[in-house]
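Undergrad: The sequence shown runs 690 to 741 under our numbering.
C-beta: ideal position from N, C-alpha, C; glycine also.
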Amino acid sequence: MQAIEALRINKLSDEVMGPVMKKSFISYKNDEWERYHQAVTDWEVKEYLRLY
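(1) Kindly indicate the opening and closing residues of the alpha helix (DSSP H) around residue 709.
(2) Taking 8 Å as the cut-off, does the region 722-739 touch the region 702-709 (at least 3 CB pairs, one atom from each stretch)?
(3) Between the Cα of residue 693 and the Cα atoms of 729, 731 and 718, which residue gives the shortest distance?
(4) Going by the C-beta, is residue 718 closer than 7 Å to any heavy atom of the ligand MN?
(5) Which stretch, first to last residue, makes up the alpha helix (DSSP H) that contains residue 739?
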């Protein structure tokens, strides 16, 4: 999230990416972050399932 915020406020990225591409990219990265946090890893299953 820090990288996404840094990109959002960076003026050079406005010039390089353009406003439409930048907005789309940031939206995709926010969605990607949310999907990542919804996934349960094998490690989490092994670590926590044994407790229940």
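TA: Quick answer:
(1) First-last of the alpha helix (DSSP H) with residue 709: 708-727.
(2) no
(3) 718
(4) With respect to small molecules bound, the structure shown includes none, and the ligand MN cannot be examined in it.
(5) First-last for residue 739: undefined, no H or E at that position.
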